[in-house]
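Note sheet for the following structure.
Protein chains: 2
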Amino acid sequence: MNFDNFETGAELSREEFDQRTPDLRVELLNLQFDLRSADFAVLILIMGDDRRACEELTDRMHEWFDPRGLDTEAFLDEREEELGRPLFWRYWRALPPKGRIGIHLGGWAYHAVAERILTKGGKRRFARRCEHARAFECVLTASGMSIVKVWLHSSTKALEKQLDRADKNTHGWRAREYDRTILEHHGKIEKYGEHLIEGTESDWAPWLVVESTDKRHRDMVVFEHLRDRLAGRLAGAVPAPFDPPLEAHASEPASPLRQLDMGVTADPAEYEKELPRLQRRLSDLAREARDKGVSTVLVFEGMDAAGKGGAIRRLVRGVSAALYRVTPISAPTEVERAHPYLWCFWRQMPRAGEIAIFDRSWYGRVLVERVEGFATQAEWTRAFGELRDFEAQMTEHGTVVAKFWLQIDTDEQLRRFEAREHTPYKKYKITDDDYRNRGRWDEYVAAVDEMLLRTDAKHAPWHLIAANDKHHARLEVLRAVCKALEAKL
Amino acid sequence: MNFDNFETGAELSREEFDQRTPDLRVELLNLQFDLRSADFAVLILIMGDDRRACEELTDRMHEWFDPRGLDTEAFLDEREEELGRPLFWRYWRALPPKGRIGIHLGGWAYHAVAERILTKGGKRRFARRCEHARAFECVLTASGMSIVKVWLHSSTKALEKQLDRADKNTHGWRAREYDRTILEHHGKIEKYGEHLIEGTESDWAPWLVVESTDKRHRDMVVFEHLRDRLAGRLAGAVPAPFDPPLEAHASEPASPLRQLDMGVTADPAEYEKELPRLQRRLSDLAREARDKGVSTVLVFEGMDAAGKGGAIRRLVRGVSAALYRVTPISAPTEVERAHPYLWCFWRQMPRAGEIAIFDRSWYGRVLVERVEGFATQAEWTRAFGELRDFEAQMTEHGTVVAKFWLQIDTDEQLRRFEAREHTPYKKYKITDDDYRNRGRWDEYVAAVDEMLLRTDAKHAPWHLIAANDKHHARLEVLRAVCKALEAKL
């Protein structure tokens, strides 16, 4: 990858431009119209080493497309609400729903290059950003999204000329001053731009590098490319996202669930003493985390009637209600279905210093969706890596992540179901579905085992908890959360 | 209204509390369960002159209700994204959808009292906040929401005692210091609290004032009240929101639409010269507004084929795509239907310095929804005041607001429909619906006239534009937007 190869000096005469433009614009608007009722969204990333060209191209997109169908986001100044969340939160938040075109001006690529230039020792972070970007684009492609990435390149010499011309103009001195500063870094922007393109080039989200010096040539190349991509996609040319084959385990792994000692119980006297002590401890830790701006994400999964709700209630008993939020995950809404499946979870990332507790979570992808067949094998297979990357982003941001699987055995579950027949609490009423799920017990066990093996990570560990004894489970959860926060604070 | 009357010294013994609690908690959880499938949401505002009591009560809500069904928001520190928007944006954003309970700790009441104490000359602003709060609660009630407002009151003496006790505790010195500061203002908090309750008491969103000194008494009163309100509402006791009768016009008003000179046209030569000049001017103004953090809201309404889209495209031609967003308004989504109708528009309020352009808008309530019968007469009648308040909030925040009605006559519309039969642009294809709407022309004219008469305001004016000549209309729109921005900047 070398930008020099793109400095062809190609130009397009005004005459030819004016001749080709009208038909192209009709085609683009009609494709945008067809997109409205299509089952996918389009994401256009506009980046380059020629700032003005990037902005001009974005403006032209608003001119040649119907701006009512565009969701454009310029990623320049960082906002407080963005700085408080994992890096890619801002890009996820600005994704277009199905039927629309999203334009990210700068986007993740801008932040990656800017950070690489402005901070020392950023080589590893830069490489990491590229990995996250690959993962990001992979998830989006798998959801059906069509991704177009444009890099507008100009030689330093051409940029200098451009600025000299601009200087004769009396307006916009501030923008020019800014551009002069950027120009000093142009060599670096090119260098890291080349690295970035190499690191994030893919079949499903390829880069289009265009020389930006001649505006007519530049726009014609970009819009014809857009037309071809959009027309192809609407005609059914779905790009195949990277489908990593599941790595085989080195040897047949032991089943974590079967290894769990299900007979463990808590001493009643110890429970009475420990529970309030741990709750007070967590109360203090939560306040300290708030003061330090450290966020926490807690995931609760478990067999039906394993006691997730009860464990969560005991967990938060001492914590100020202003500091945490419990999010129950159920079937996705219409708006959520118009986005990639991780979108709704990204939106729930806690603000700086807050605790987000998920009662069921993104692991539904490799549990209920896998077992019930709502996700294809390709989808849940791919999900292991996607979920690892998702959580890695949290911990790299400094968020504390802990995940809990609450396990009970079939006899205990049946006892609890039967006990619920007599409960005065309506929400615990058992339905036929609950009994039906028991028939799939072994399939769930297999899915859980694989999930535990493939998504356990040092920074985002699974806590596998024997929950036949509720008291034991509640204490274990509290201890683990306190420990995770203590380690971070 | 005098808090002294609530200092009854009522207490509840532990014995009685423990005896009444279990049944009450079962009832509350079962009511919350029933709420899940009900067609309304519950909003609980917790405020008072006893900070600790407010937080304790909120924590107890999380204990006695299932926290998975609660959307709790503590309104204390102001966030950057909130400061950039009109005042009530933050409360609208935190509203629970149907089936859930929202808890606003402090909420609008906290900000109103805090501002009244901390800033001078805030008497008018305070009164204005109360008016907005009334309007807010009125819209929510009309959407079916059930609102419970709790004020926890303590005498200064009791608060001093509470703090003295807390001082013996070694922990939490910072919270105590904070409480000491608040205590100095306690007299004022009480005074403005009384004003606030008087100013925002209503049949549909009544205040519950409870003495907070005895925790058991306090919680029992609040939760029994909640149980009764929730049970009543679930049993069908829908509170009637304030339904202001439409004020009669002093005399039969002239029809603004009929008074409009539809024959006006733009000179072609002038158009060629003026259009780019105005576009450059707006480009500069938009940048200046961005630098100064001044937001703009532009509303476009008009008869079908009146040229809204074309006018918007010419309007933004010179403006950087990063500075504006065009939002087309169509039928509400599932999530939007689970909220009051203004909710989705509040969410679209622009960030500081940005321009939000609405292609159709909240005026659908008094136009298409009225004419097609999607809104009841009570709903669209009430809407005039609701929309006035909505826009008043924008302008009080400093946002520039301008509204455009583009008018064509029936002959011109027919000509455009027929011309579209031959357009290569798919999006302009005419459907049977378009012709059907023509049959309701007179009803639309009446609705538009009434809208113009009832929602025109000096700070949020309607620009009634004769659009038979597209060039004339586009210039008029550009001129009006430039003028509005110039006046503000």
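Protein sequence lines correspond, in order, to chains G and L.
Just so you know, we're using the working numbering here: the first sequence kicks off at 1 and counts up by one.
Just so you know, we're using the working numbering here: the second sequence kicks off at 1001 and counts up by one.
Note that CB positions come from ideal geometry on N, CA and C, so glycine has one too.
Since the model is a prediction, treat every value here as computed from it, not as a measurement.
task = Check residue 317 (chain G) in the structure and name its three-state DSSP category.
result = coil
ask   = Around the C-beta of residue 259 (chain G), are 16 or more other C-beta atoms found within 10 angstroms, so that it is buried, or is it exposed?
value = exposed
task = Decide if the stretch 421-439 of chain G is in contact with the stretch 345-357 of chain G; the criterion is three or more beta carbon pairs, one per stretch, under 8 angstroms apart.
result = no
message = Here's the rule: buried if 16 or more other CB atoms are within 10 angstroms of the residue's CB, otherwise exposed. What is residue 470 (chain G)?
response = buried
inquiry  = Can you tell me where the alpha helix (DSSP H) holding residue 1009 (chain L) begins and where it ends?
reply    = Unbroken run through residue 1009 (chain L): none, as it is neither H nor E.
request  = With DSSP as the reference, label residue 70 (chain G) as helix, strand or coil.
outcome  = For residue 70 (chain G), the secondary structure class from DSSP, reduced to helix, strand or coil, is strand.
ask   = Using 7 angstroms as the limit for Cβ to Cβ distance, is residue 1322 (chain L) near chain G?
value = With respect to chain G, the C-beta atom of residue 1322 (chain L) has a partner C-beta closer than 7 angstroms.
key: residue 427 (chain G) versus residue 444 (chain G): straight-line alpha-carbon distance, rounded   = 23 angstroms
ask   = With respect to the beta strand (DSSP E) encompassing residue 104 (chain G), which residues constitute its N-terminal and C-terminal limits?
value = 101-105
ask   = Relative to the ligand ADP, is the shortest distance from any of its heavy atoms to the C-beta of residue 355 (chain G) smaller than 6 angstroms?
value = What this structure holds is no ligand at all, so the ligand ADP is not there to describe.
request  = Check each candidate in L:1009, L:1021, L:1063 and name the one with the smallest Cα separation from residue 316 (chain G).
outcome  = L:1063
query = Within the 7 angstroms Cβ cut-off, does residue 1041 (chain L) reach chain G?
reply = no
query = To which residues of the same chain is residue 403 (chain G) closer than 6 angstroms at the C-beta, ignoring the five residues directly before and after it?
reply = Cβ within range, chain order: 299, 462.
query = How many angstroms separate the CA atom of residue 412 (chain G) from the CA atom of residue 1324 (chain L)?
reply = Roughly 59 angstroms between the two C-alpha positions.
ask   = Can you check whether the CB of residue 1148 (chain L) is closer than 7 angstroms to the CB of residue 1472 (chain L)?
value = no
task = Indicate whether at least one CB of chain L lies closer than 7 angstroms to the CB of residue 149 (chain G).
result = Not one beta carbon of chain L lies nearer than 7 angstroms to the beta carbon of residue 149 (chain G).
task = May I ask which residues mark the beginning and end of the beta strand (DSSP E) holding residue 383 (chain G)?
result = Premise fails: residue 383 (chain G) lies in the alpha helix (DSSP H), 377-397, not in any beta strand (DSSP E).
task = Specify the secondary structure class of residue 300 (chain G) as computed by DSSP and reduced to three states.
result = Residue 300 (chain G) falls in the strand class under three-state DSSP.
ask   = Tell me, which residues are paired with residue 359 (chain G) by DSSP?
value = G:300, G:328
message = Taking 8 angstroms as the limit between beta carbons, can you name the residues of its chain near residue 1129 (chain L), skipping five residues before and five after?
response = 1087, 1108, 1111, 1112, 1115
task = State the start and end residues of the unbroken beta strand (DSSP E) segment that holds residue 1 (chain G).
result = Careful: residue 1 (chain G) lies outside any beta strand (DSSP E) and carries neither H nor E.
query = Can you tell me where the alpha helix (DSSP H) with residue 1057 (chain L) in it begins and where it stops?
reply = 1051-1064
key: Whole-Å CB distance - residue 306 (chain G) paired with residue 407 (chain G), under 8 angstroms assumed   = 7 angstroms
query = For residue 1204 (chain L), does the three-state DSSP call read helix, strand or coil?
reply = Three-state result, residue 1204 (chain L): coil.
inquiry  = Counting only Cβ pairs nearer than 7 angstroms, list the residues of chain L close to residue 62 (chain G).
reply    = Within 7 angstroms Cβ-Cβ: 1316, 1321.
message = Contact criterion: CB-CB distance below 7 angstroms. Does residue 75 (chain G) meet it with respect to chain L?
response = no
message = Does the contact criterion of 3 or more C-beta pairs under 8 angstroms hold for the stretch 1381-1396 of chain L versus the stretch 1239-1248 of chain L?
response = yes
request  = Look at residue 326 (chain G) and residue 1068 (chain L) and say whether their C-beta atoms are less than 7 angstroms apart.
outcome  = yes
key: Cβ-based contacts, 7 angstroms cut-off: residues of the stretch 85-107 of chain G near chain L   = 105
ask   = What are the start and end residues of the alpha helix (DSSP H) that includes residue 1419 (chain L)?
value = 1410-1420
key: Contact list for residue 425 (chain G) against chain L, beta-carbon separation under 7 angstroms   = Simply 1026, 1029, 1030.
request  = Could you list which residues in chain G have their beta carbon closer than 8 angstroms to that of residue 1033 (chain L), in chain order?
outcome  = 425, 426, 427
query = Do residue 1301 (chain L) and residue 1405 (chain L) have their C-beta atoms closer together than 7 angstroms?
reply = yes
ask   = Roughly how many angstroms separate the alpha carbons of residue 37 (chain G) and residue 221 (chain G), rounded to a whole number?
value = 26 angstroms
ask   = Given a threshold of 16 other Cβ atoms within 10 Å of its Cβ, counted over all protein chains shown, does residue 1399 (chain L) qualify as buried or as exposed?
value = buried
inquiry  = What does DSSP give as the partner residue(s) for residue 1405 (chain L) in the beta ladder?
reply    = L:1301, L:1464
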